[in-house]
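Positions in the sequence shown are counted from 1; adding 9 to them yields the numbering used here.
Heads up, the beta-carbon is just placed ideally off N, CA and C, and yes, glycines get one too.
Working notes, beginning with the structure itself.
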Amino acid sequence: MPEGNEIHRWAERHQAAFGGKVIRADGPQGRFKDTDVIDGRKLLRVMAVGKHLGYVFGKDRILHIHLGLQGDFTEGTGPLSEVRGALRLRMWNAAAIKRPVAKGESRRHAWYSDDDGTNNIAPEKIAWVEQRGPMDCSIYTDAKWDKLRERLGPDPLGVDGKGGDNPARAFAKILKSRKAIGELLMDQSVIAGIGNIYRAELLFRARLSPFTPGNAISEQRLKAIWKDALPLMRAGMADRRIVTTVPRDRLSSKGNTSKGKNTQKRPDKDEVHYVYRRNGQPCFLCGTTVEKREMAGRNLFWCPVCQAER
Ligand SMILES: [Zn+2]
């Protein structure tokens with residue numbers, strides 16, 4: 010599932026591509042029946058909070074999209090592609106689709122791990138986007154959007170990615186909860202936008218056991234985790250690959266005597282995370298086998314030594 014970094018990135022891209030322009034829309038699959046609410050209207054702005062996108066077409070005309078586990082966008086230049094698959098929604102710029110297609114530029118976005126963010130279309134060149142497999146794609150009133158916002162915890166990428174929302178509400182909830190921090194971080198009503206990758210990696214970077222109850226964690230420690238999340242998630246917006254390891258901890262830089270010369274090098278794919286999907290492999294720091302267990306419906310990964318329960 011895309012995490013907050015990707016959702017905010019979509020918001021920025023779609024704002025740059027379509028913001029302030031009249032947008033055409035249709036729903037070839039037939040499951041999105043409200044295209045007439047937005048078709049032919051100007052897209053005023055694109056909002057993102059947590060894992061939710063909101064395309065504002067006027068009062069009580071917000072297109073809400075939650076990608077869920079399966080949802081994804083395809084984007085392209087030039088004329089619309091032939092309709093293929095369960096295509097929930099298409100949005101396009103009528104003038105831009107008259108331009109010729111730029112070779113190799115129309116494509117589905119691969120999952121983050123297969124796509125390092127290079128060779129993407131410049132956002133202002135996007136002529137159309139296709140949306141498939143969302144958990145939700147529906148029209149929200151302003152009140153419904155506000156309600157959603159109230160239901161969601163603060164977002165580390167809030168305030169347009171600059172500084173994040175005020176985390177006080179999240180801290181208060183965690184500090185009085187007996188639930189495990191690994192569960193709390195996935196709860197969107199506690200913190201919005203953190204998903205499975207950031208959960209695992211933030212806890213490792215904090216050397217905190219995912220099983221620690223919220224009420225056993227100091228506020229200072231929570232502040233440090235929040236502070237760590239901001240630049241990490243922002244970096245994940247620019248580079249679709251979420252990189253959480255620091256160069257000195259990567260095996261490829263160990264034993265390298267070129268004095269940090271390779272610190273600018275993009276890390277290898279299997280060195281971008283400390284524990285996420287590294288179960289059965291040795292921890293980069295202590296060599297202990299990284300473990301995996303299900304928590305809050307998703308696989309949790311952690312190092313039992315670096316993140317020992319205290
Ligand atoms: Zn370890």
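**OP:** Just tell me which of Pro276, Lys182, Leu239 and Asp196 has its CA closest to the CA of glutamate 228.
**Re:** What you label residue 228 is simply residue 219 of the sequence shown in a count that begins at 1. When only C-alpha atoms are compared, the closest one is Lys182.
**OP:** Would you identify the three-state DSSP class for glutamate 318, choosing helix, strand or coil?
**Re:** Along the sequence shown, read from residue 1 onward, the residue named residue 318 stands at position 309. Glutamate 318 falls in the coil class under three-state DSSP.
**OP:** Indicate, with yes or no, if ligand 1 has a heavy atom lying under 8 Å from the CB of threonine 365.
**Re:** Any answer about residue 365 is impossible in this case: the structure gives the chain only from 10 up to 319.
**OP:** With a cut-off of 8 Å on the beta carbons, I'd call proline 276 and threonine 254 a contact; round off their distance for me.
**Re:** As a working note, residue 276 is residue 267 in the sequence shown. As a working note, residue 254 is residue 245 in the sequence shown. Yes, they are in contact, since the Cβ atoms of proline 276 and threonine 254 sit about 6 Å apart, within 8 Å.
Original post:
Who are the near neighbours of valine 138 in its chain, counting only those whose CB is closer than 6 Å to its CB and skipping five residues on each side?
Top reply: Here residue 138 refers to the residue found at position 129 when the sequence shown is read from its first residue. Cβ neighbours of valine 138 beyond the five flanking positions: Phe82, Glu84 and Met100.
Original post:
In chain order, which continuous runs of the alpha helix (DSSP H) of length 4 or greater are located wholly inside the segment 152-204?
Top reply: 177-184 and 190-193
Original post:
Which residues in the same chain as leucine 184 place their Cβ atom closer than 8 Å to its Cβ, once the five residues preceding and following it in sequence are excluded?
Top reply: As a working note, residue 184 is residue 175 in the sequence shown. Excluding positions up to five away in sequence, the list reads Gly223, Asn224, Ile226, Glu228 and Leu231.
Original post:
Hey, does valine 110 have any beta-carbon neighbour from chain C nearer than 9 Å?
Top reply: Here chain C cannot be found, since the structure has a single protein chain.
**OP:** Mind the definition here: the segment 55-62 touches the segment 11-26 only if three or more C-beta pairs lie below 8 Å; say whether that holds.
**Re:** yes
Original post:
Is valine 255 near ligand 1, in the sense that its beta carbon is under 8 Å from a heavy atom of that ligand?
Top reply: Within the sequence shown, the letter at position 246 stands for residue 255. No, since every heavy atom of ligand 1 falls outside the 8 Å radius drawn around the Cβ of valine 255.
**OP:** Take the Cβ of glutamate 318 as the centre, count every other Cβ of all protein chains shown within 10 Å, and call the residue buried at 16 or more, exposed below.
**Re:** In the sequence shown, residue 318 corresponds to position 309, counting from 1. It counts as exposed.
**OP:** List the endpoints of the continuous alpha helix (DSSP H) containing histidine 23.
**Re:** Taking the first residue of the sequence shown as 1, we reach residue 23 at position 14. First-last of the alpha helix (DSSP H) with histidine 23: 13-27.
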